[in-house]
Amino acid sequence: MAYPYGEPLENYDELEGRDSVDLLARIIYAEASTESKEGKRGVAFVIQNRKELVRNKAPHHKEFGKKATFESVILHPGQFNGAESDQMLKPVLKSKAWKDSLDIAQNLSDQDNPIGTCLWFNGVKVFQKKYNV
Numbered sequence: 113m114a115y116p117y118g119e120p121l122e123n124y125d126e127l128e129g130r131d132s133v134d135l136l137a138r139i140i141y142a143e144a145s146t147e148s149k150e151g152k153r154g155v156a157f158v159i160q161n162r163k164e165l166v167r168n169k170a171p172h173h174k175e176f177g178k179k180a181t182f183e184s185v186i187l188h189p190g191q192f193n194g195a196e197s198d199q200m201l202k203p204v205l206k207s208k209a210w211k212d213s214l215d216i217a218q219n220l221s222d223q224d225n226p227i228g229t230c231l232w233f234n235g236v237k238v239f240q241k242k243y244n245v
């Protein structure tokens, strides 16, 4: 890797070809920066589960990406709102949310999977807002 994880990017085209740890940390941060570490792990494992679905060519696998890579799954059009956000391009590197996101991305194989085989995940705050809880 010839660049620091989370370095500011100017446009979405710059996401293509980036290191998988960098992309995974960025999408965790963009999707779940206000969630707990467990919520951030939930996002990471949605992506991991989708990647495995594509790898195994399960029914409807093309919905989640063309290749069984983090890049293909994360950047597949319409999959993650956070992929098209300023947070994806310019994470706040000194924030706890970024540090947690990067830690999860760098150590995914050592993390507990809080969602099993789920392919979607909504954090507590999204649920509360949607259902006025």
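Just so you know, the sequence shown maps onto residues 113 to 245 in this note's numbering.
Idealized CB from N, CA, C, for every residue including glycine.
Please state whether DSSP places residue i in a helix, a strand or coil.
i	result
Q199	helix
L136	helix
W232	coil
Q160	helix
Out of curiosity, what's the CA-to-CA distance linking residue i and residue j?
i	j	result
V166	E128	19 Å
V204	W210	6 Å
F233	Y115	30 Å
A156	I140	6 Å
F192	L136	12 Å
K206	E143	17 Å
E126	L201	9 Å
H173	F182	14 Å
Go through its chain and collect everything with a Cβ distance to residue i's Cβ below 6 Å, but skip five positions before and after it.
i	result
K163	A180 and V185
P226	E150, R153 and G154
Mind checking residue i: buried by the 16 CB within 10 Å criterion, or exposed?
i	result
G228	exposed
S221	exposed
G190	exposed
D224	exposed
A195	buried
With a CB to CB cut of under 8 Å and the five nearest residues on each side skipped, what residues in its chain are close to residue i?
i	result
K149	D212 and I216
L231	V158, N161, R162, L165 and F176
Since residue i and residue j are thought to touch, with beta carbons under 8 Å apart, how far apart are those beta carbons, to the nearest angstrom?
i	j	result
Q199	S145	6 Å
L214	Y124	Going by Cβ atoms, the distance from L214 to Y124 rounds to 20 Å, so no, they are not a contact pair.
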